[in-house]
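In UniProt numbering, the protein residues as written are 1 to 184.
1. Identify whether residue 130 lies in helix, strand or coil by the three-state DSSP scheme.
2. I'd like the ranges of any beta strand (DSSP E) spanning at least 3 consecutive residues and lying wholly in the UniProt domain "Isochorismatase-like" (10-143).
3. Residue 1: which of 151, 127, 120, 104 sits nearest, CA to CA?
4. Span of the alpha helix (DSSP H) holding residue 158?
5. Closer than 6 angstroms by C-beta to residue 114: which residues in its own chain qualify, once you throw out the five before and the five after it? Chain order, please.
6. Report the three-state DSSP secondary structure of residue 166 (helix, strand or coil).
7. Go ahead and label residue 53 buried or exposed: buried means 16 or more other beta carbons lie within 10 angstroms of its beta carbon, across all protein chains shown.
8. Which residue or residues does DSSP assign as beta-bridge partners of residue 171?
9. Can you confirm whether the segment 157-165 touches the segment 36-50 when touching is taken to mean that 3 or more C-beta pairs between the two stretches lie within less than 8 angstroms?
10. Can you grab the Cα-Cα spacing for the pair residue 174 / residue 62, in whole Å?
11. I believe residue 84 touches residue 56 by the beta-carbon criterion, under 8 angstroms. Please report the beta-carbon distance rounded to the nearest angstrom.
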């Protein structure tokens, strides 16, 4: 139901599951395993996978921390989008990558829930995409010492509000890994 015309396809978006981003995050291993399950399912169903990698002063491109976790090897044929802002669309070629593949629906996974995940799901939605957040395939670190809720509450709250998010002509949803359907 996307508002983007001639965009009938779905893509799996894997955001910032990089060594320097997910080390020490909430339920890191379970989240990475769930993303791995989705990557394999997408490959089996020939659904495009778009990998997003954050670059910054603290996460320089091509450094060990910048690399994706070893459990999630990207294939050369799969798109890699480089970003420097929280929203994966901001000042990147993500929109061009998605448009070229006729993508109007995104299945979103990755890190950090309270920064890059939230920014990207909202950024996609306002740009006309249907967006499904995979509720057990995103994570964040504990920032409670700075006044944030604990990570399990950040994740739960994001899942809660996203399943009720609405706008004309677009669909927001939350699904668990086992229930993700790339075809509907």
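Positions of the beta carbon are idealized from the N, C-alpha and C atoms, including for glycine.
Once the coordinates are examined:
1. As a working note, residue 130 is residue 130 in the chain shown. Residue state for residue 130 is assigned as strand, using DSSP reduced to three classes.
2. Those beta strand (DSSP E) runs which fall completely within the UniProt domain "Isochorismatase-like" (10-143) and span 3+ residues are 49-54, 79-83, 103-111, 130-139.
3. Translated into the one-based positions of the chain shown, residue 1 becomes position 1. For residue 1, the nearest C-alpha among the options comes from 104.
4. Within the chain shown, residue 158 is the residue found at index 158, counting from 1. 151-162 is the span of the alpha helix (DSSP H), which, as asked, contains residue 158.
5. Walking along the chain shown from the start, residue 114 turns up at place 114. Excluding residues up to 5 positions away in sequence, 140, 154 lie with their Cβ nearer than 6 angstroms to the Cβ of residue 114 in the same chain.
6. Working through the chain shown from its first residue, we reach residue 166 at position 166. Three-state DSSP puts residue 166 in a strand.
7. For this step, residue 53 is matched to residue 53 along the chain shown. Counting of Cβ neighbours within 10 angstroms places residue 53 among the buried residues, the total reaching 16 or more.
8. Walking along the chain shown from the start, residue 171 turns up at place 171. Partner(s): 166.
9. The segment 36-50 is not in contact with the segment 157-165.
10. To locate residue 174, count along the chain shown from 1; it is residue 174. To locate residue 62, count along the chain shown from 1; it is residue 62. Straight across, the Cα-Cα distance linking residue 174 with residue 62 is about 32 angstroms.
11. Taking the first residue of the chain shown as 1, we reach residue 84 at position 84. Taking the first residue of the chain shown as 1, we reach residue 56 at position 56. That pair is a contact at about 6 angstroms.
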